[in-house]
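Q: Before I ask anything, let me first share the structure, which is written out below as structure tokens.
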Amino acid sequence: MSKSILIVVVGLCFALSFLSCGGSSSGTVILPNRVLASQGVTATLAFGGLVIIDGQNDTLPRVAPLNGGSSPGLIVLSPSRNIAATFDSGTNTVFAVNTARQSSIGSGVHLPGPTSSIAVPTANPTGFAAVPTATVNGFAVLGAVEALDFSSSALTTIAVSNAQTVVSNSQGTQLLVFSADSDAVTVLYPAAAVPPVDTSCYTNPTNTNPPNSACTIVQDARFSRPVNAIINGTTAYILNCGFQCGGTLPNGNPAPASVAVFDLGSLSVTQTVTVDAATMALLSGSTLYVAGSPVNYPCPASQKTAATNCGTLDVVDLTSMHVTSSTAITDGYHERMDLTSNGQLFVGSSHCTNIGNVNNPTGGEIRGCLSIFNIFNGSVIFPPDNGDVTGLQGFATRYVEYVAEGGQLRVYDTTQDILLINDFVPQGTIDIVGYVGDVKAIDFF
-9 MSKSILIVVV GLCFALSFLS CGGSSSGTVI LPNRVLASQG VTATLAFGGL
41 VIIDGQNDTL PRVAPLNGGS SPGLIVLSPS RNIAATFDSG TNTVFAVNTA
91 RQSSIGSGVH LPGPTSSIAV PTANPTGFAA VPTATVNGFA VLGAVEALDF
141 SSSALTTIAV SNAQTVVSNS QGTQLLVFSA DSDAVTVLYP AAAVPPVDTS
191 CYTNPTNTNP PNSACTIVQD ARFSRPVNAI INGTTAYILN CGFQCGGTLP
241 NGNPAPASVA VFDLGSLSVT QTVTVDAATM ALLSGSTLYV AGSPVNYPCP
291 ASQKTAATNC GTLDVVDLTS MHVTSSTAIT DGYHERMDLT SNGQLFVGSS
341 HCTNIGNVNN PTGGEIRGCL SIFNIFNGSV IFPPDNGDVT GLQGFATRYV
391 EYVAEGGQLR VYDTTQDILL INDFVPQGTI DIVGYVGDVK AIDFF
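Residue -9 is where the sequence shown starts when you use this note's numbering, and the numbers rise one by one after that.
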């Protein structure tokens, strides 16, 4: 009991900027090398927020957390990192902060339901959130993309059936929206949306003239359960999840996963390449790394794992549009990927097959939702940890990777063979009280 009380007291002191526990009240302290971690409420922690970490030495400075609501999870940064937005699942609210000033922007934008996809495409205080359960008066279907004004805490609803994921171009002028159980892609032009609720996706879904309609729904036989995209200039690499997400061919056979090259000007598919599975990707030069979990894909015997099914990581050469290699990785639904400066590709999933128990090790195999692929030699390793991977963050000047896995924030040394016992540095875990849902560096270093 005394230990729990101590944790709460220490946490409250931290949340109040140490005003009554020896801290300074002389103003906001702006540190270099800052990293944000979303900290959720637990049984022993009565508050949540965005914790500031010193990314140079993996420590928690005496700086108050930023406002992220009671249960922040997903963190999204603007390209210039001047804005950090986080979703609070406790209140279905998106909170935004000015990272230069370490201050809130507005009072938060309340959404009509939960979201797992937010885009903040520019340095302006605006964003977009896909809300699959949003209701639109007069229509029986659910779903919308909410255009968020962080300064005024207002939103404009753009009705999109079952909107699950939203991806923006670099100007925020064109959005790709992916809906659950759909074989189409919705293209939105938010500047043409009519507030407070735009229903052009329902009333004029095939209009390709943005001044007249905010919505164009693109149908193409080469789309099979598209779920996400990587946008590079005027080209989008759309990930077709295929049979993993229930996609089938006209004859009823399982639909293969693929990457569709989509021209954002003509709104047309120019070519495709078949891959093993596709729910997440990372673009590096002319190489696209694509991860997913094929249905009933057995792990290779060489991995010597108790897991029966594995996921895959395909390496796609975009110049030739061919898969150059494929590697078995942990299974689950892959949604996180990050490449370190020394060529270690971290791939994370959720709802994977966890083996062993990291909190109660017995000397056997321990395996979770994280795979680390060496892009130079093609090797892959599986660190001894459990739980969903919900955040990844590497650095330009340090060979470490921050990994939010199972609610803990791990620090991996990417210069070592991380199969060794000392695979975490310096202490293995940054000791943040509460569930860590995501992690993002807000300074360039």
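A virtual CB, placed ideally from N, CA and C, is assigned to each residue, including glycine.
Apply the 10 Å Cβ neighbour rule to Arg91 and answer buried if 16 or more other Cβ atoms are within range, or exposed otherwise.
A: Burial call: exposed.
Q: Note down, in chain order, each residue of its chain lying with its Cβ closer than 8 angstroms to the Cβ of Cys439, except the 5 sequence neighbours on either side.
A: Nothing about residue 439 can be reported from this structure: the residues present for the chain run from -9 to 435 only.
Q: With a Cβ-Cβ cutoff of 8 angstroms, do Gly59 and Asp78 count as a contact?
A: Yes. Within cutoff.
Q: Output the distance between the C-alpha atoms of Gly128 and Ala431, rounded to the nearest integer angstrom.
A: One C-alpha to the other measures close to 43 angstroms.
Q: List the residues that DSSP assigns as beta-bridge partners of Gln383.
A: Answer by DSSP bridge pairing, in chain order: Tyr392.
Q: Following the continuous beta strand (DSSP E) through Ser340, name the residue where it begins and the one where it ends.
A: Segment Gln334 to Ser340, the beta strand (DSSP E) holding Ser340.
Q: For Arg24, which residues from the same chain have a beta carbon less than 8 angstroms from its beta carbon, with the 5 sequence-adjacent residues on both sides left out?
A: Contacts found: Ile42, Ile43, Asp44, Gly45, Thr89, Ala431, Ile432 and Asp433.
Q: Would you report the Cα separation of Leu40 and Ser94, rounded to the nearest angstrom?
A: Straight-line Cα distance between these residues: approximately 11 angstroms.
Q: Would you please state the rounded distance, in angstroms, between the beta carbons of Ala130 and Ile148? I believe it to be under 8 angstroms.
A: Incorrect: roughly 18 angstroms between the Cβ atoms, too far for contact.
Q: With a threshold of 7 angstroms on Cβ separation, who are the neighbours of Ala204 within its own chain once the five nearest residues in sequence on each side are excluded?
A: Hits under 7 angstroms: Ile148, Leu178, Tyr179, Pro180, Ala182, Ala183, Asp188 and Ser190.
Q: Assign Leu409 to one of two classes, buried (16 or more other C-beta atoms within 10 Å of its C-beta) or exposed (fewer than that).
A: Annotation note: pLDDT 46 at Leu409 (below 50); position unreliable, coordinate value reported separately. The residue is exposed, with fewer than 16 neighbouring Cβ atoms inside 10 Å.
Q: Could you give the distance in angstroms between the alpha-carbon of Thr155 and the alpha-carbon of Asn367?
A: Going by the C-alpha atoms only, they are around 33 angstroms apart.
Q: According to DSSP, is Ala137 helix, strand or coil?
A: Here Ala137 sits in strand by DSSP.
Q: Within the same chain, show all residues whose beta-carbon is closer than 6 angstroms to that of Phe140, passing over the 5 residues directly before and after it, in chain order.
A: Result list for Phe140: Ala86, Ile95, Gly96 and Pro115, in chain order.
Q: Taking DSSP as the reference, what is the three-state secondary structure of Thr419?
A: In the structure shown, Thr419 sits in a strand (DSSP, three-state: E or B).
Q: Three or more C-beta pairs closer than 8 angstroms, one from the region 358 to 378 and one from the region 396 to 404: is that the case here?
A: Enough Cβ pairs lie closer than 8 angstroms, so yes.
Q: For Ser256 and Asn332, I'd like the C-alpha separation in whole angstroms.
A: Whole-angstrom Cα-Cα distance: 37 angstroms.
Q: Just to confirm, is the Cβ distance from Thr193 to Thr206 under 8 angstroms?
A: Cβ distance not < 8 angstroms, so Thr193 and Thr206 don't count as in contact.
Q: Quick one: what does DSSP say Ile245 is sitting in, helix, strand or coil?
A: This sequence places Ala at residue 245; Ile is not what is there. Residue state, collapsed to three classes: coil.
Q: Secondary structure at Gln515, three-state DSSP: helix, strand or coil?
A: A question about residue 515 goes unanswered here, because the residues of the chain that appear run from -9 up to 435.
Q: Going by the beta-carbon positions, is the gap between Phe336 and Val390 smaller than 8 angstroms?
A: No, the pair does not count as a contact, with Cβ atoms beyond the cut-off.
Q: Quick check on Ala144: does DSSP put it in helix, strand or coil?
A: Reduced to three states, the DSSP call for Ala144 is strand.
Q: Closest to Pro373 by C-alpha separation, out of Phe118, Gly396 and Thr387, would be which residue?
A: It is Gly396.
Q: Gly427 by DSSP, collapsed to three states: which one?
A: DSSP places Gly427 in strand when its eight states are reduced to three.
Q: Restricting to Cα atoms, I'd like to know which of Leu254, Leu145 and Cys342 is closest to Ser160.
A: Considering only alpha carbons, the answer is Leu254.
Q: Tell me the start and end of each unbroken beta strand (DSSP E) in the region 171 to 246 that is at least 3 residues and wholly inside, in chain order.
A: The region 171 to 246 contains these whole beta strand (DSSP E) runs: 174 to 178, 205 to 209, 216 to 222 and 225 to 230.
Q: Could you give the residue range of the beta strand (DSSP E) that holds Ile73?
A: Unbroken beta strand (DSSP E) run through Ile73: Ile73 to Asp78.
Q: Give the C-beta separation of Asp428 and Gly381 to the nearest angstrom, bearing in mind that I take them to be a contact with Cβ-Cβ under 8 angstroms.
A: That belief holds up - the Cβ atoms of Asp428 and Gly381 are roughly 4 angstroms apart, short of 8 angstroms.
Q: Please name the residue in Thr404, Thr163 and Thr238 whose C-alpha comes closest to that of Leu329.
A: If we check each option's Cα against that of Leu329, Thr404 comes out closest.
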